[in-house]
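Position 293, counted from 1, in the sequence shown is what my numbering calls 385; the numbers after and before it change by one each time, with no gaps. Following: one structure in structure tokens, then a few remarks.
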Amino acid sequence: MKKKICLSILLLFISLNLTGQDLKWTGAENDDFFNENNWEDFSNGLPPQANTLNSNEQITYNLYLTCNTIANGTIIFADGKNLFLENGELITNTITGPGIVNLNENAHIIFDESLEFNGTTFNFDSSNSSLTLKNNSPTHSYENIEFFYVSGNPAFFNENIKIDNYYSGALIRPLDLSFAPLQLFSEEDLAGNSTNINLFEVFSGDNIPDNFNNSTKSFTLERGYMATLACNNDGTGKSKVFIASERKIIINDLPSYLKNNISFIRVIPWNWVNKKGTAGDITYMNNDWFYRWSNNGESDLNREYAPMVWGRGAADEQEDIDILTSKLKSTHVLAFNEPDNCNDQSGQYGNMCVVDTAFTFYKNLAKTGMRLVSPACRQDQVFTWLNEFNQLAQEEDVRIDVIAVHWYDWNSNPQQNPNANPQDVFYRFISYLQSVYDLYGLPIWITEFNANRYRNEWVHRQFLELALPYLENLDYVERYSFFPPVTDVADFFDENNNLTWIGEFYYNFQSSPSLPNQSYQMNNNISNFELENNYEYNCDPELSFLSVEDINNYSSVYPNPSENYIYINSEKTISEIILLDSNGRRIKFFNGSKRIDISFLENGTYFLNVDGTSIKFIKK
């Protein structure tokens with residue numbers, strides 16, 4: 093493994109022209125980016141002079157960074173200067189100036205302040221890399237997509253780049269269907285044979301690569317992805333969802349019920365949302381998720397769509413499952429809408445109000461590999477109908493990850509009092525939620541709730557002012573969506589489509605992260621224990637960077653990136669040069685000239701094989 097790492101780094105650095113204006117990181121993890129003692133000048137092996145690296149001042153060196161590092165300030169690059177980041181996380185206020193930021197393997201940058209997009213180019217040179225912009229919306233990031241490249245090629249949304257929510261900001265990363273965030277191993281401790289699991293595709297039974305059906309004892313899951321593992325081919329049986337939200341997950345020893353017993357696998361990108369959502373496709377409510385009582389919605393730049401399987405007709409054929417798995421940004425699926433009601437909603441059709449019938453179709457949802465949200469019952473039926481449903485699911489080992497509830501204060505007395513005490517309404521609400529959690533011990537989504545349709549606007553407003561801060565601080569509530577009553581007394585918008593008193597409050601209320609932990613092993617109704625995550629980050633600059641003496645033994649090219657010509661920097665006589673594309677296919681042969689015409693190439697990443705040495709470069 094060490095040899096492999098050194099080789100990959102070699103291919104990176106022999107492609108660079110070292111001109112005495114290059115610094116490599118030598119500091120420890122989380123050391124100060126702007127402290128010159130944490131860097132070494134390639135030309136002399138010494139730290140650069142004081143004030144070489146200052147916040148809000150131009151940096152005139154190329155920087156090669158490996159390690160988790162913090163830059164408390166603004167990084168400004170001079171024209172044409174590069175930052176190369178590999179196997180590290182850089183946290184900074186922002187980056188500006190006409191430079192190029194290259195994100196290589198396991199490279200992640202987090203911006204604490206807004207990114208102005210005023211000249212800096214960001215090139216993703218690895219599928220395992222990302223930019224997190226805490227104060228830039230996905231829309232704003234998309235509007236500045238011209239500053240993003242993938243392996244030297246211009247970025248195109250949902251073709252080679254993905255823009256996800258990151259709570260109130262955005263996360264940008266390459267979209268590569270061949271990327272394999274999940275690696276399985278046949279033995280404990282990441283030993284034995286291994287295989288890679290690509291994005292989005294459902295792998296089951298003998299379709300799991302390299303004969304890994306029922307042959308997994310340990311695994312790794314890359315940062316920013318969710319994986320569902322289950323014992324049965326259809327996603328049922330003992331199962332668990334793993335979410336590597338902010339940190340990689342390494343499980344060295346699977347539990348006995350999963351060890352050599354995994355026949356269903358799906359990996360999808362994670363999406364980071366706040367708790368506040370909307371019941372219905374309401375585009376102007378400052379929320380970043382919604383649902384719409386159907387499976388035919390789509391996520392947009394700023395909002396994740398959570399599809400709902402309203403009734404049996406959306407879960408009885410493979411085509412229905414394919415619709416759900418086609419949602420590029422969706423991570424959850426909501427089950428049936430009030431199937432407990434034999435006279436209304438989904439329960440009135442196809443005998444769905446019978447628990448056994450509803451359960452038969454619910455099992456099909458496990459085929460999606462998404463997190464599964466329970467049927468949403470009427471207020472009190474969560475303790476009766478849904479409890480019977482859950483007991484059946486436990487008996488047959490069918491996963492429920494989240495409990496969905498509807499609440500309208502129907503247990504108040506008198507129920508129709510328009511001037512009910514908001515404090516009393518609130519107390520009944522929190523008592524109800526606690527009772528649900530005590531029964532199931534699972535996260536809760538409140539997909540419909542209000543103070544009931546008989547109450548006036550003042551009661552609804554006062555209730556929300558009490559309820560929303562409480563929900564934000566309640567760990568077991570993952571998401572909520574206020575549902576205005578149909579009586580027009582507490583709508584979000586008036587007849588002129590302006591925000592009402594209620595609408596203004598809901599819009600302006602600042603929500604918090606739904607799932608804020610760095611990684612998760614999600615409990616469900618059939619699995620409620622956590623495994624040890626053995627991931628440890630190792631900062632070792634000496635492992636990642638070659639010495640000046642080592643570099644001088646190899647050829648390099650400059651300028652890199654380049655538009656028309658590249659020059660081979662080597663004191664050795666060159667006899668043969670082969671130009672290859674990023675897949676290793678030969679494009680052209682050259683003689684021993686150190687000046688190579690690349691003007692005819694399309695933008696992208698290429699390699700020169702110079703007398704057996706591979707040199708990577710970017711055509712722009």
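Ideal placement from N, C-alpha and C gives every residue a C-beta, glycine not left out. Since we're looking at a predicted model, the values are computed, not measured.
Pair within 8 Å by beta-carbon distance, residue i and residue j
| i | j | result |
| --- | --- | --- |
| F240 | I264 | yes |
| S611 | I343 | no |
| S296 | N250 | no |
| T152 | N122 | no |
| L464 | V425 | yes |
| T320 | S307 | no |
| S219 | T697 | no |
| L177 | N196 | yes |
| T539 | S573 | yes |
| N695 | P246 | yes |
| V193 | N215 | yes |
| N379 | K309 | no |
| I360 | I289 | no |
| E132 | L145 | no |
| N328 | D204 | Reading off the sequence shown, one finds Thr at residue 328, where the question assumed Asn. No, the pair does not count as a contact, with Cβ atoms beyond the cut-off. |
| W477 | V517 | no |
Which listed residue (the options) has its alpha carbon closest to that of residue i
| i | options | result |
| --- | --- | --- |
| Q473 | V490, L464, W502 | W502 |
| L393 | S260, P577, D133 | S260 |
| V401 | D302, S438, S147 | S438 |
| D124 | S221, F134, V242, I183 | I183 |
| N257 | F518, N609, Y397, F428 | Y397 |
| K226 | T186, A199, S243 | T186 |
| I413 | N388, L267, F481, M614 | N388 |
| F699 | I710, S691, D689, F692 | I710 |
| P653 | I168, L155, N174, Q141 | N174 |
| G180 | N482, W117, L534 | W117 |
| N482 | I255, E338, Y441, I618 | I618 |
| Y659 | I357, E622, V702, D673 | V702 |
| N136 | N127, Q113, E411 | Q113 |
| S386 | R395, A406, N378, T370 | A406 |
| L416 | D408, T460, T449 | T460 |
| R545 | P514, A559, Q508 | Q508 |
| N303 | F203, S355, K367 | S355 |
| K708 | P651, P506, I666, G684 | P651 |
| T287 | S527, I300, T166 | I300 |
| T158 | G684, D632, L671 | D632 |
| P577 | N600, L591, H552 | H552 |
Buried versus exposed call for residue i [16 or more other C-beta atoms within 10 Å across all chains shown]
| i | result |
| --- | --- |
| E208 | exposed |
| R678 | exposed |
| V649 | buried |
| T579 | exposed |
| D436 | exposed |
| R687 | exposed |
| L138 | exposed |
| A582 | buried |
| E668 | exposed |
| F453 | buried |
| S691 | exposed |
| N154 | buried |
| P266 | buried |
| S639 | Low confidence applies to S639: its pLDDT is 41, below 50, so where it sits in the model is not reliable enough to give any reading. |
| C434 | exposed |
| N644 | For N644, the predicted structure reports a pLDDT of 39, less than 50, and the residue's modelled location is therefore unreliable. A value from the coordinates is still provided. Answer is exposed; the Cβ neighbour count stays below 16. |
| E238 | exposed |
| F621 | exposed |
| Y725 | Residue coverage of the chain in this structure runs from 93 to 712, which leaves residue 725 outside it and unanswerable. |
| D493 | buried |
Rounded distance between the beta-carbons of residue j and residue i, thought under 8 Å
| i | j | result |
| --- | --- | --- |
| F597 | L556 | 6 Å |
| N542 | Y500 | 6 Å |
| L313 | F334 | 6 Å |
| L291 | F277 | Rounded, the Cβ-Cβ distance is 19 Å, inconsistent with contact. |
| G403 | F382 | In fact, because the Cβ distance is near 20 Å, the residues do not count as touching under 8 Å. |
| P605 | W362 | The pair is not a contact, with the Cβ atoms about 12 Å apart (cut-off 8 Å). |
| I594 | I536 | So it is not a contact: roughly 23 Å between Cβ atoms. |
| F169 | T212 | 7 Å |
| F311 | L274 | 6 Å |
*What alpha helix (DSSP H) runs, 4 residues minimum, are completely inside the stretch 353 to 417?*
410 to 417
_Runs of beta strand (DSSP E) wholly within the stretch 459 to 489 (minimum 3 residues, chain order)_ = 463 to 465
*Could you give the uninterrupted runs of the alpha helix (DSSP H) lying entirely in the stretch 564 to 626, keeping only those of 4 residues or more?*
593 to 600
*Mind listing, in chain order, the continuous beta strand (DSSP E) runs of no fewer than 3 residues lying wholly within the stretch 415 to 443?*
424 to 426
*Would you mind listing the alpha helix (DSSP H) stretches within the stretch 192 to 242 that are 4+ residues and don't spill past its ends, in chain order?*
230 to 235
*Which ranges does the alpha helix (DSSP H) cover as unbroken runs of at least 4 residues, wholly within the stretch 136 to 180, from first to last along the chain?*
Fully enclosed alpha helix (DSSP H) runs of 4 or longer: not present.
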